[in-house]
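Input: a single structure, listed below in structure tokens.
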Amino acid sequence: MKIVLAEDNEILRKSLSFFLTSKGFAVDQFSDGQEALDAIEKNTYHLILTDINMPGKSGMEITQYVRQNIQSDIPIIIFTSSGVEQTELDSFDIGANEFIAKPISPAVLLIRINKLLNIRL
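According to full-length UniProt numbering, the sequence shown is numbered sequentially starting from 1.
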């Protein structure tokens, strides 16, 4: 299973990538949302993990583009440090499958990933 991980916090990105790789996933990491979106357009992925606030393109813009322009139903999980309820509601409105507030628990993330991918298998 191949995952896009778009997160501009280097420590979080590297630690999540290490964790997910140790669980058998192939992870392509990006610190810039536009670079992640370029990779999504060129490659086949099973899941997108994206921070909401990214340089280049935000997680919201990535989600909206994937749903509207590419017309893909690939599962998308959005991360944010924002505790604003409206942000979560907006994420679901544009097509995110899950929304996880930071700090992220790798164990909880893994459960949500498996849940989303099992639905698609």
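Ideal Cβ positions, reconstructed from N, Cα and C, are used throughout, including at glycine. Just so we're clear, the structure is a prediction, and the values are computed from it rather than from any experiment.
Worksheet item: Which of the three DSSP states, helix, strand or coil, is assigned to THR80?
Response: Of the three classes helix, strand and coil, the one that applies to THR80 here is strand, per DSSP.
Worksheet item: In this structure, does DSSP put PHE19 in helix, strand or coil?
Response: helix
Discussion item. Is the separation between the beta-carbon of ALA36 and that of ILE62 shorter than 8 Å?
Written reply: yes
Discussion item. With a threshold of 8 Å, are at least 3 pairs of Cβ atoms found where one atom belongs to the segment 22-36 and the other to the segment 73-88?
Written reply: no
Discussion item. Between the alpha carbons of LEU116 and SER82, how many angstroms are there, rounded?
Written reply: So the two alpha carbons sit approximately 23 Å from each other.
Worksheet item: When the distance is taken between beta carbons, is MET60 closer than 8 Å to ILE94?
Response: Result yes, Cβ atoms of ILE94 and MET60 sit closer than 8 Å.
Fill in: ALA107 classed as buried or exposed, judged by whether at least 16 other C-beta atoms fall within 10 angstroms
exposed
Item to complete: From the DSSP output, in three-state form, read off ALA101 for me.
Response: strand
Worksheet item: Roughly how far, in whole angstroms, is the beta-carbon of LYS57 from the beta-carbon of LEU110, given that I think they are within contact range, below 8 Å?
Response: Wrong, their Cβ atoms sit about 26 Å apart, outside the cutoff.
Worksheet item: Would the beta-carbon of ILE48 fall within 8 Å of that of VAL66?
Response: yes
Practice prompt. Classify LYS2 as helix, strand or coil using the three-state DSSP reduction.
Written response: strand
Fill in: Endpoints, the beta strand (DSSP E) within which ASP28 is located
26-30
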